[in-house]
Each structure stands twice: as C-alpha cells, then as structure tokens.
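Top line first, the protein sequences correspond to chains G, P, V, X, E and C.
Residue 68 in full-length UniProt numbering sits at position 68 of the first sequence, with consecutive numbering throughout.
Residue 132 in full-length UniProt numbering sits at position 132 of the second sequence, with consecutive numbering throughout.
Residue 222 in full-length UniProt numbering sits at position 222 of the third sequence, with consecutive numbering throughout.
Residue 174 in full-length UniProt numbering sits at position 174 of the fourth sequence, with consecutive numbering throughout.
Residue 278 in full-length UniProt numbering sits at position 278 of the fifth sequence, with consecutive numbering throughout.
Residue 172 in full-length UniProt numbering sits at position 172 of the sixth sequence, with consecutive numbering throughout.
By construction, the Cβ of each residue, glycine as well, lies at the ideal position given by its N, Cα and C atoms.
Protein chains: 6
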Amino acid sequence: MFYHDGKLQYDVKVDKPNPQFAKMLQQAIGGIEGEMKVCMQYLFQAWGARGPEKYRDMLLETGTEEMAHIELLATAVALNLEGATNDVKDEAAKDPFMEQIMGGANPRHILSSGMAAMAVDSNGVPFNGSWVVGTGNLAADMYANVMAESAGRVLATRLWKSTDDKGMKDMLSFLIARDTMHQNQWLAVLEELGGPEGVHPIPNSFPQEKENQNFNYNFLSTHINGDSKAHGRWSEGKSIDGKGSFSFEKATPQGRKPDLGAAHPAGFAQKEQMMENDSFIKSAFKKIKD
Amino acid sequence: MFYHDGKLQYDVKVDKPNPQFAKMLQQAIGGIEGEMKVCMQYLFQAWGARGPEKYRDMLLETGTEEMAHIELLATAVALNLEGATNDVKDEAAKDPFMEQIMGGANPRHILSSGMAAMAVDSNGVPFNGSWVVGTGNLAADMYANVMAESAGRVLATRLWKSTDDKGMKDMLSFLIARDTMHQNQWLAVLEELGGPEGVHPIPNSFPQEKENQNFNYNFLSTHINGDSKAHGRWSEGKSIDGKGSFSFEKATPQGRKPDLGAAHPAGFAQKEQMMENDSFIKSAFKKIKD
Amino acid sequence: MFYHDGKLQYDVKVDKPNPQFAKMLQQAIGGIEGEMKVCMQYLFQAWGARGPEKYRDMLLETGTEEMAHIELLATAVALNLEGATNDVKDEAAKDPFMEQIMGGANPRHILSSGMAAMAVDSNGVPFNGSWVVGTGNLAADMYANVMAESAGRVLATRLWKSTDDKGMKDMLSFLIARDTMHQNQWLAVLEELGGPEGVHPIPNSFPQEKENQNFNYNFLSTHINGDSKAHGRWSEGKSIDGKGSFSFEKATPQGRKPDLGAAHPAGFAQKEQMMENDSFIKSAFKKIKD
Amino acid sequence: MFYHDGKLQYDVKVDKPNPQFAKMLQQAIGGIEGEMKVCMQYLFQAWGARGPEKYRDMLLETGTEEMAHIELLATAVALNLEGATNDVKDEAAKDPFMEQIMGGANPRHILSSGMAAMAVDSNGVPFNGSWVVGTGNLAADMYANVMAESAGRVLATRLWKSTDDKGMKDMLSFLIARDTMHQNQWLAVLEELGGPEGVHPIPNSFPQEKENQNFNYNFLSTHINGDSKAHGRWSEGKSIDGKGSFSFEKATPQGRKPDLGAAHPAGFAQKEQMMENDSFIKSAFKKIKD
Amino acid sequence: MFYHDGKLQYDVKVDKPNPQFAKMLQQAIGGIEGEMKVCMQYLFQAWGARGPEKYRDMLLETGTEEMAHIELLATAVALNLEGATNDVKDEAAKDPFMEQIMGGANPRHILSSGMAAMAVDSNGVPFNGSWVVGTGNLAADMYANVMAESAGRVLATRLWKSTDDKGMKDMLSFLIARDTMHQNQWLAVLEELGGPEGVHPIPNSFPQEKENQNFNYNFLSTHINGDSKAHGRWSEGKSIDGKGSFSFEKATPQGRKPDLGAAHPAGFAQKEQMMENDSFIKSAFKKIKD
Amino acid sequence: MFYHDGKLQYDVKVDKPNPQFAKMLQQAIGGIEGEMKVCMQYLFQAWGARGPEKYRDMLLETGTEEMAHIELLATAVALNLEGATNDVKDEAAKDPFMEQIMGGANPRHILSSGMAAMAVDSNGVPFNGSWVVGTGNLAADMYANVMAESAGRVLATRLWKSTDDKGMKDMLSFLIARDTMHQNQWLAVLEELGGPEGVHPIPNSFPQEKENQNFNYNFLSTHINGDSKAHGRWSEGKSIDGKGSFSFEKATPQGRKPDLGAAHPAGFAQKEQMMENDSFIKSAFKKIKD
C-alpha cells in the first residue's frame, strides 16, 4: 500500500516562468528517459520479484521515491506555465497564446491541460507502457535500471544546461544527485550478484553448453573488405565474463539462400506466385472455386 | 553503404511448421527485446557517433550483423507458417484457418501478411521507434546495449525452451551464442572506458560538484515505518563509482506543499477555481466578455 | 447508410491565414478531445447498441453530425494554411517554409499533407482508436460522452480565446454551442435512466450485495498522518446514489506482504533467484540440461 | 512525497493459477479502463490543481489509493501465472509453454516478463499516456473520473463473472466496492459545484452569450428523411442545465460547398491541380525552375 | 454535411455466431487495410483537395460509402458475438467466458465493449491516424488508394476463405465487389491524368532537370558480388514513364566515410568523446563549470 | 546476410548547420514517407516472398540500398545539428539551447539524442512498424511500393524547396532521382505481371465469379440529391481491368435497419437495456445473483 504527505521531496521554485522550458521538462516526466518510466519500472519489477526478498523491497523503496520525482517535475511544469496565458497585459497588439505557440511551447499545455503537466514527452508524444521493462531476470533488470538512470542523468544535465533559472537549476541538481545514487545502487546489486563473471552471460541459469560454441566469443566483422577500425578490448583476450576468449573474424554466411516456394492458393497471392501446373495446387484451386 | 549476398547467416530449418511458434518468434523480431530494435539502435548510435572512430566502426559492424538476424528470424516465421492454411486436407469438417486462430495463432499472419513475418511483436503490437535508444553518451549507450542483449538472450532462451523442433533449437542456440558475445562486447567498451570508477556517474563530463552533495550517495527509504529489508551493498561502504560513501536514510520531504493558486480566466477552468473578488482577475474577466 | 451534400454545416471563413492556428485546430480534429473521437465514439456506440431503439437512433444522429464538424475543421485548417508557402514574395531574403517551421507551425502540414488537415493532434501525434469508448453499458457511455463534450467545449473556448480572426471566432462559437447542446443531450439520457439514484452504481445490473460491503461508501485517506483537507460532500452524509452513507476513514492494509517465492527454472531468471537445494527445482534444472 | 508499507490493501489469493485469467486481468492494470490510468489521472489532476485546496488533496488521496490497486492486480497476475511453466510434469508429451499459448495466454507473460504483470492491456497493447486526462477544468475532470470509475466497475464485474476462483472473486468484490465509492465521490464534487445547473455548460466561466444562440439547445437530426426514433428528454422541455429549451430540428447546411482553389506550385501537387495560365502562378513556377 | 438513414448498405446475416470470426473481422474495421482507414483517407483527401472539383466530389462520394462499410462490419461483429457469453447453459462445468478466451477470442470484446465492435484490428491494436494518407498530390493519393483497395480486397478474400457461414460469405462477396470497383476507380483517375507517362515521376510538377541525372533510371545492385537474379523489365529498355532508359549497375559509394568529430561539452557525452586539449573546447568546459 | 563499407552512398555536405532543417529531415527518416519504412518494407517483402525468385532478389537489392539512404539522412541530421549547442558565443545574453527550442527545433535532438538523428518523424512521433506493408500478394505490394516512392518523392521535393543550403539540395537531388527510378521499378513489375488487365482486380487468384456481380463496376453516388460533379472515366466505359463496364448509380440501402436485441445479463449493461420480463433473461439474472 502507498501513502503520501502532500509535501514535495525537494523545493520547487521557478524564478521566471517559461513555457518553453515547461515543454522541455516534459521529457523528464513522460519521456522514455523520464520519471514515469523509472517509477513504473521499479514498481512492476518489485511486484513481480521472485527470489531474495531484499531486492523486492529495494525496488519498492526506490519506485516509491520516483513517484515523488514525477510530483516535483509536474509542479515545476505548472509553475513554468504561469504566464503562458498572460493575455491581460495592457496592449492587445499580439495574442500571447499564439505568441507562446509561435515560440515553440507545447500547444496542449494551453489547449488540453490548462497549464499543467501531462503524461507526455517534450514533443507531446504520450508515455508508452512498453518502456516499462521487467524481464523477471534480476540481472537483466538491473542493467535496464542502470541504463535508465544513465539516460536520465544525461537528460537532467542537459536540462540543467538549458536554463539559468536558479530555482530550476537547484531542483535539477537534486535530481542529478539522485540519479548518481541510483546508478550506483543498481550497480551494487550487480556486484552482489558476482560482478561480470558471476552475472554473465545473462541469464546465468541457462546451461551455457547448449549455446553454439563456435560463435559465442567471436567479434564478427561485417565489413565488406576488412578495412575496419573496430579493434579493441572486445576482439582479443579473455572475455569479460571470464568464460571464453575474444577473437576477430570476418562474418560469412553459414546458411543458404532461402526458398519459400510457391504461394498457397488459400492465401490469395497473385496467380503468378503459384505453380498452377502442380496437381496438388490445381486441386486446391478447384476446391476454392467450388 | 550496405550490401547483401542473399544467403542466411545461419541455417534455418523447421522440422514441423507451427503457427503458434511463428507468433512467439515475432517477439524476437519486432518486440522491444527483438532484432529490429538492436539493429536500428546500433546503427543509429553509429551514425551519430562522435569521438573515437573505433566505437563508430564497431557499432556499424554489429548493427549490420543484426540485420542478418532479422532475416534469420523472418525466414523462420515464414517456414513455421507453412501449413497455416492447409485447407486441402481430405476432410472438410473444420476450417483450418479458424482452427489456427482458435489455437492462438496471430490472425494477421494469415489475414495481413499471407504467411510471412511482420514488423510486430508476439501480440501483434507494431515495432516502435521510441525503443531505438541513442543518447549521444557512449557509456549510457553501452548500458542500453548490454541491457538489450541481456533481455534478448533471456528471450531467446525462453523461446528455446518453448520448442522441441530441432531446427528451431539449433537456430536459437546460434542466436543465444551471439547474444553472449554481444553482452561481452559492450561490457568490453565499458572496461576500456575505465570501468565503473571511470565511467560513473554517467555522464562523467558533468562537473559533479554541481550536483546536490547531500543526496548523491544516500539510499532513501520511503518505507512508512522503516521496517524494510532493503539493506545491502548499496546501503553502506564505498560507492561503486568510488566517489562517495553509501548510507541508508529515511526519506523526508525537503519541500513544502505546493500551491498553484487560482486558475487564470483565460484557461476556462470552472469559475469556482478562480477568485472573482480579485480586481486583477475581474478585469481579466471583463476583457474576455468584451 | 450515409449520405452527404458537399456543403458545410456552418460557414468557414478565414480572414487571415495562420499556419500556427492551423496547428492548434488539429487538436479539435485528431486530438483526444477532438471531433474524430466523438464521431467514431457515437457511431460505434450506435452500431453496438442493445436495448431501447431510441438511444441507438440518437447516437447515430449525433455521430453523423460530428462527421460534419470534422469537415468544418478540416476546411478551416486548409484555409489557415493558405500562405504557408508564400515563397513568391518579392524579397528572397528568408525562406518562408523555414520561417513557418521556426514560427512553430506543424512541419507535416507542409511536408506531408501539402497544406491540408491531417488525422493528428496539435503536436502531430496521430489519432488513436483506443480513445473510441463504447462499453456496452449505456450509462457508462453517457458519462463518456458528457466528458467528451466537456473537454471538447473547454478546448473550443481556449481556441476561441487564442484567435482574433473573426471567421474563426464565428465558426468556434457555433461549435461551442453544439457542445452545450450535446452536454445537455447526454445528461438528458442519464435523467431518463433515473438520475444518480437510478443509474449508480454503474453497472446497475450487477447485484450490489456481491460487492464488499465494508468498503463501498468509505472515503479512504492515504495521507500518512491524517493531515488532509480532503473533507467534503463525499466524506459524510448519504451517498449520491442513495444506497449508502459516506464516511471518512484512514486507509490501512487488509492484506499481507506478498511473497511470490523462488523463480521457476524454465523462466530463466538468474540462478540466485531460484532455490537450487530444493529437490523439485533440482529435477527441473536437470531436465533443462538434458 | 510518497511512502509504502509493502503490504497489500486487500488480500490476494489465487486458488487455481490460470494464465488466461492473468491475461484478462491485464485489462484492469494497463487497459484504458485500468488502474494505471486512474492512478495517473488523479495524481496529474492533483499536481495541476488550481483553486480550492480540498479538491487537490482529495485527488491526491485517491490517486495514491489507486497505486495500491495496481499492486493488488499485479500480484494477482503473478499468482495466476504460477504454473504457466509447469514443464516438470511427469509426461513430456506436450510442451506446456506452447500449450498455454495455444490456450490463449499472453505469450509475453512467458517470453518477456517471466511470469509477472506488465504495463499492457489484455491484448498486450501497452498503456498509453494519452489516456491520462486532466483538463484543468474541475468539472470536466470530475466527469472524466466518473466515467473512468464507471467503465472500471463494468470491467471489474465482467472479470468477476469470468472466474469462479474464490480468491479472485473476493479481490474483485473489493475493487468493485471501491469503484462504487469513487463513482459517488466524484459525483459528490459535482453536487458541491452546484449540480447540472451550476456546472453546465462546462466550462461555466466562458461567457455563454458568446456562443451561437441559434444552435445551443437544438437536437439536430441528420436523418435523411426524418424517420427517426430519436425523440426523448433531449428533444423537448427545459434543458438540463436550466439555461435553454430543447427542440428537435432537421439539420441543414448553413454553409456553402468549400472551394480551396488551385494548388500552389511550392507544394508539388500534380501539375493538373494548378492553373498554369495564371500569371502569378507562372512566375512562381518560373522561380522554382531557376 | 452528412446524413444517414439507419439502414445497412447490404444485408448482414450471421447464421452461426462465432466470436473468433468477430475477432478476425476487426482487421477489416480498424486494421491498416480496414474500412476506417479508407473512409478517413478519402474524406481527408476530399477536404484538402485542390484543383479540379470532380476529384474532390468523387472522393467525398466514396469516403461516405466507406462509412457504410464500417457500419456493415460493426454489425457483423456484434452479431458474431451473440453467444459469446452464453453462460446460462444447463451445465455449469466450464465458464464460457473463459472458454472463448481460451479459444482465441478478443478478450476486450467481452471485457471492454460488451460484445460490440471496436476501433481496433484483429489483434486488438487500436486504429492509428497515421494510416490516413493524403499528400496533397492527387496522383500519389490515387496510388495510396489503389494500394488500400488492393490490400483491402486481399484481406476480404482471406476472410471469405476463413468462414463457411453463408451470411458472412454473402456480405464479404459484396465488399469484395466494391473493392474491385474502387481499384478500378482510382486507376481511372490515373488514366485521366495521363497514365504512367503523364503522371510519373510523381510529383510531375517538380522540374525533373533538377534531379540528379546520373542516378534516375539505374537499377543499383547492392549484391556483394553481382550474383543477382534481379534482372527484368526494370533493368533495361525505356523507363515506364518514358523519360529515361533503364540500366543495371553495381552500386558503389559516391561519398566518403563520415566524420562527425568530437562531441561538444554542452551535450554531456562522456569525456572520452571530447578533445580536451582543444582550447575552444577547454573554454567551453570552463564555462560549464563556472 | 548484410555487409557495409562505412562510406556514404552519396556525399553529404552541410554548408550551414540548421537545427530546424534537421527536424524537417526527420520526416524522411522516421516518417511514414521515410526511408526506414521503405527499407523495412522491401526487406520484409523479400523475406516473405513466394513465387518467382527474381522479385525476391530485386526487393532485397533495393531494400539494402534504402538502408544506405537512412545513413545519408542520419548523417545530414547530425551535421545540421552542429551548432545546436553553440553556447560558447561571446555574449551570454540568451541561452542558445532555449533559442533553438523557441525557434522550433526538436527538443529531443538536444535532450535525448545529443545532436544525432532519431527513429522519429518531423514532429518527434516514433517510427511505427505498422507502416511496413507486405501482403504476400506481389501486385498489392508493388502498389504499396509505388505509393511509398511517390509520397517519398513528394516529400523530398518539398524538403528541397525548403532549403537553400547547396549541400542539402545536392543530396536531395540524388534522393529525388532514386525515387524516380524506384517508382519506375515497381511499375515495371506491374507491367511484367500483365498491366492493369492482367493484374486487376487484385488478388487475381480469387475466382471473380464469387464476388457480387451487381456491385463490382458501379460508381455508387452517396450524394443526397444527385447534384454531384463526380463524373469521369470511372463512371462510364469499359473498366480499367477490362472485365466490366463502369456505370454511375445512386447508392441505396440493400439491407434493413439492424436490431441487436436486448443486452445479455452477463455483459453488465444497464438493466434498462435488458428485457427483464423475458423468462430466459430472468433465469440468467437469477443465476448471476446466486
């Protein structure tokens, strides 16, 4: 169960409302790098967690924290939209609604939400549930979470760079800090699980001898003539998971050209895709015509 | 530029066509864990790569390989759909189209594609470009890639477990092997970039002193009364990035209850949300009515 | 069956073409508050209507009217886009295509539709069929319709406020009037069905004694310490449906902490999520390895 | 800020796991009638609330409760999926993974989430942020909320009817009860706001004299020859909002046939859509060719 | 403006209700090959039509007809769902709701719409406004329309093959016939516009001498070694538009390997992607840190 | 299998970076008229091709070429975004990040991708797999391809018109030329297949005598009173496919008004939609209450 106290996890002050910045902040709410995604992702992972209880609890703790981050940002959007409809200025020369739109504001912040945050990204594209990743495999999920917090911190620093509003910079410096912690937190689980050698290849419960042993540690170069700069740690030496040795090889086809044969009459391809001489097909045709 | 030779990277044989398995294989083509996603993700990362040339080249190499994986799987889907319309059987008692649908096949494999693979997942939900992640930050992208290959290998092992078709198991054991390599490959880049201490917090180019120093290494517990099992590597000791020390703290609000004030007349909220006594608002109202 | 006469339900005049306003008008065409949604919603409700014939007929009447509203707005968009490509001005200093884009116009109005309306909202996000609500329950549908016309009228008034083009204001004042009627119209059905006491709880055909009798008229406060301002008509007195009495209670968990146990081997979680000592699991593991 | 206690709001017991029912329950999690939608809807409405504080608080209270409902249902899905991979049965004849799929289970419950709930509906279509409605107008939002709880209760009763699992029926009877309360709760706000006469037409802050006075209380019949059964409370008598009188009228076009004229050369329509004789257009053409 | 008469364009009889066929029919309603798409496509094309009036009128005529086709199919879906909840049979052994789901029915036909058609495809994926194509170029639009009617007729024949219900086969034979007409109809416009030589390359208003003259009639083979079977009408002889001669050539890169240089500090890539020695970048860095 | 050489198919030069043009170029990458769509469409058609081998090969050839076009455009986007963060200008008056946004740039080009191309259209709406059309019918697919290249060339000419950057105009003139070829190429297949008379009605494998013979070559006018300008090649003379004669007829309903009857109790409509007197329904009701 969940509870609230109505207060913000951190202070949200906007010195100078800015509808364009409100639009940009939406990326951190409803974007693929945003707080709705991590909130739902950690909670769904918690609700489906099997195995050691502490990971379930941790996911629940942080998922609940992220809910407060959405709240922070939604408040920031609303405050930045103050003034988006300041149409009561003395002069009537220009319509400020339109001015905002022409200035690149999200028109739906005025038209749809009446100056409030929405469950969309900075282009107004709605949040999508497919972004909520929970695989049932703890290690895969931890990487999904590190990745989410990495993209999230990159986003937050870019937002920080995009404003000189003191209040906004302060709020963002808090969120950036939390992303630092959360990156470390999910990495800590991976360390507990044994680090790269213990964890990989994910899933570590699949009997690795069942995978094709000729192609599991080779960097396959698809360059047409081998003139590739793609040499590095991944092309020689022991593999990171400690279970193989890297090599660099030119990719070559192991299979043949596929041939799907003629189309079956019941699929209503063009006649030219079928072989009408074939007696089997003929009888199929006949059957359709009857 | 890109080239092809029309051959498959690995042999695709289907011993016994199975439209239900064709439906499941679609997850590995057009699903969020699928090959279209990794193909496009690596290629877009390559095309936008700034910095050392070798990473760009490596992404291009592997992105091009993934294109061949889509081809493998699309061929496998088409072969599994042979027989999806075997309506020329001797007895006509039951319509086999309908039988397949009742058996859980994807109806669009018959109705829309005429027994061929589609750019959708195992529920028929279309591939979505939002899944193609490229942040412009190499380390964040590598985590996105490790995560993609981890979820991808988990998926492939589950598909492997879901079939006893020898040909399909063989093809999947190849794809599982490639996922092993690719997990290692992206981890190898992260090692080259300095490992957790060199890489984190991502982005490492943001001046870390600008983030809030009071909240960057604390596990904040949102549990209502502290009865949490969420203790572990993340709640004490040196942080994984080596730049701080973990602590466990109860989360408390640092901000106040937000107050957005009354609604502005131009937003056409209900009158009850406005303060009509306010002279400023009154004149705004008057203006609207004129 | 449907017919048309090629004329507009109301005159559409645009005094001064304005591509930015064209973009905003798209919200009223392809947005979630828009005419495509209500048109399809009323028609689908009509086509699936079971029960008294008059409601089916009424839905069909108004669904057909809404088709004319899309037509009005699509015409208004096209007329507002006149001039979006006025590149034949005397001076060639600035490219006017680009100017429009920089001014916040929808680039697809130029690039994709060649200056015509599209089935998208004001951010260019496509119309989505999930918005077409028809539950098969007449009362639930009427609320969906009141809500659609309420959000629709709010939108139309905001558009009205956003322009000083006389033609556009006139067209919008017509649409606003129709929304007034349609709000009243759906409410009239709810009155016919018996008003709140006859209609609620929806569905009124479910035997209400089967619902949990301890939690059906209590406002549950999730506030952490009870310091909530959320007292009102809903927290005391007779319920609106006349079938219970409101109360205000602190929410408390009635259930326990869930425990999903260990992961099953066939799901390929990490090994650490399974209990390998368990003999059942062991044999499952063994089976996978064979 | 938000907190949790890790316990369920109500007990979740599943007597007999059933992957098909797990699939159906997803509608109540990630569907348009589901708990993610109402949770996010109430919270976003709260975060953007302007005007009387008590409504903001109430929305926050109930939004937080809905979070616990997602938790209930996610737990129910996970428990119903126990057994979805019971491949350790004595006989190995049929693969139970495939059996479930053939039986209509959601393949992603096995392939993607490893037997856990996802942010999707009962067809596997992802949750969509566009469903989160907050207009900034309190009355419109209350109708959106009544509608959500009506569709939600209809859904819950249908789920209740679809199972004879005692645990599931018990959980659903709790959720059905909460929907009863929430329908009443939002109606109570509408009563506080003055009922139909005080509230409508929404928004009540728009000066109603600005809407077209000839079309605001007329039921317009689009029936081709007037043979319509669509007579009722809405076609005569005082309007529900008390501000007009209903009438029944045949719809007739007030506008003319629209004429958008010839296409402008810069839009690259076909030549046949342009008027090349026109000297203005000719010079435009010439300019493009230069 | 639009009108209706409440009657069906063609008779809809269902001899034996079949929820699985109802699910399949949805492809013809809300799928990308479906009637909602063509209806909206023709109407939007009409509403945006510039140039000769007769094409606008024709589009309006047929768009209006397609509305009646949605009506036909929606009625067919509702009739096929009769019996989807026949739970009042004598024996209570099995729950028929669940039986339908296990038999591959769309669960939302029961849970969400209460046995009525929805604006979704055969997998329950919602109709998407992006499918409504209108380019503003008449010839491009005619091809979009021929394509829509071709895919539509293919779909309808597959549905016809999937059922032996006499009523459904009769209704489909009507829709198949209309698709025949509509294919011919849009082709007739292309003939009026001058056929391939008059129409192509589309748009014919672009001065063709501005396109690169070295690459406009060459089939470029991307085969790695020229072992391609892709020879045919397109690789030699006069081009179909009569404005060039086909040739077959091996594709070769005309450009160089792209180099995007180092990342700019303000984008917060990893430090390793930047060149810190560069004095320009150094000052940029310094600025960020200040 | 696929290969690459890391070079561009054509030179990409940007004389003056322009983030707004970068945004517009996205339409040609991830839009419905874009290169991702045609690339995937041709490849999926190839992978599912049944019938003559040469068409499969041709599709594979050109699908692979389109991959290079995405590469071209992605490079062009990245180069146009140089300068999108030129925040190191001497004066600090205005923040250039914000300036770009206010100027209509895609905020995600800065916030999400760090100045690189994304898999989205010019409004930031993600690429959608539903656009990848392959019907299994070669002729239908060829029309889909002609249509794609027609819309694509229209788009490219509009982009060409929207810029005066020499490098961009040169690159676009190459892409426009390729679209000319590809339009011709797919038309050439249709010619090989026999032209309109051989190809239509699509699918030509359906026994045409099974379609309703009364409605397959009639233009049905839905105009309310026959005052239609929609006369032309399609309303008289031999049909384009040579298999019938066009006529012009007034559309009239062939069917009756549908009647779905009363709602079944198990669907939980409102009671008013059911017929409680009916004894069958009564017993159904009773059963639910038990």
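Between residue 56(V) and the set 244(X), 110(X), 241(X), 232(X), the nearest pair of CA atoms involves 232(X). Here residue 69(X) carries a helix assignment [DSSP, helix/strand/coil]. With contact defined as three or more Cβ pairs closer than 8 Å, the stretch 183-198 of chain V and the stretch 136-151 of chain V are in contact. Here residue 215(X) is not bridged, per DSSP, to any residue.
At a cut-off of 8 Å, the C-beta of residue 234(P) has a neighbouring C-beta in chain G.
By the neighbour-count criterion, in which a residue is buried when 16 or more other Cβ atoms sit within 10 angstroms of its Cβ, residue 179(P) is buried. Within chain P, no C-beta atom comes less than 9 Å from the C-beta of residue 189(X); the nearest is roughly 10 Å away. By alpha-carbon distance to residue 221(C), the top candidate from 203(E), 192(E), 242(E), 64(E) is 64(E). By a beta-carbon distance limit of 8 Å, residue 145(V) does not contact residue 270(C). Their separation comes to about 14 Å. Here residue 62(G) has 42 as same chain residues with Cβ atoms under 6 Å from its own Cβ, once five neighbours each way along the sequence are excluded. Within chain E, the residues placing a beta-carbon under 8 Å from that of residue 225(X) are 5, ordered along the chain. Where residue 210(P) is concerned, there is no enclosing beta strand (DSSP E), because DSSP gives it neither an H nor an E. The alpha carbon of residue 80(P) has as its nearest neighbour, out of 11(P), 22(P), 4(P), 173(P), the alpha carbon of 22(P).
The continuous beta strand (DSSP E) containing residue 3(V) extends over residues 2-4.
Close CB contacts of residue 175(E) within its chain, under the 7 Å cut and outside five residues either way in sequence, are with 69, 156 (chain order).
DSSP, reduced to helix, strand and coil, places residue 103(G) outside both helices and strands of the structure shown, so it counts as coil.
In the structure shown, the three-state DSSP call for residue 260(E) is coil. A straight-line Cα-Cα distance of about 25 Å links residue 251(P) and residue 31(G). Distance from the CA atom of residue 236(X) to the CA atom of residue 191(V), rounded to whole angstroms, is 13 Å.
Measuring C-alpha to C-alpha distances from residue 67(V) to each of 260(X), 259(X), 253(X), 262(X) identifies 253(X) as the nearest. At a cut-off of 8 Å between C-beta atoms, residue 58(X) does not count as an interface residue with respect to chain P. Cβ atoms of residue 208(X) and residue 238(X) stay farther apart than 8 Å, at about 16 Å.
The CB of residue 266(V) comes closer than 7 Å to the CB of 161 in chain P, given here in chain order.
The contact set of residue 9(P) on chain G, defined by CB atoms closer than 8 Å, consists of 251, 253, 254, 255 in chain order. Straight through space, the alpha carbons of residue 162(G) and residue 262(P) are spaced by roughly 29 Å.
Apart from sequence neighbours up to five positions away, the residues of its chain that approach residue 197(E) with a beta-carbon distance below 7 Å are 241, 242, ordered along the chain. Counting only Cβ-Cβ distances below 8 Å, residue 51(P) has contacts in chain E at 262, 263, 269, 270, 272, 273, 274, in chain order. With a threshold of 16 other beta carbon atoms within 10 Å, residue 153(P) meets it and is buried.
For residue 146(V), the three-state secondary structure derived from DSSP is helix. Close CB contacts of residue 132(V) within its chain, under the 6 Å cut and outside five residues either way in sequence, are with 40, 41, 44 (chain order).
The residues 138, in chain order, have a CB closer than 8 Å to that of residue 51(C) in the same chain once the five nearest residues on each side in sequence are set aside.
For the 8 Å CB-CB criterion, residue 26(E) and residue 77(E) form a contact.
Closest option to residue 35(X), judged by alpha-carbon separation, among 118(X), 2(X), 107(X), 104(X): 118(X). In the three-state scheme derived from DSSP, where H, G and I count as helix and E and B as strand, residue 127(V) is classed as coil.
Within chain X, no residue has its beta carbon less than 9 Å from that of residue 37(V); the closest one is some 11 Å off.
Shortest Cα-Cα distance from residue 216(P) to any of 140(G), 167(G), 182(G) involves 182(G).
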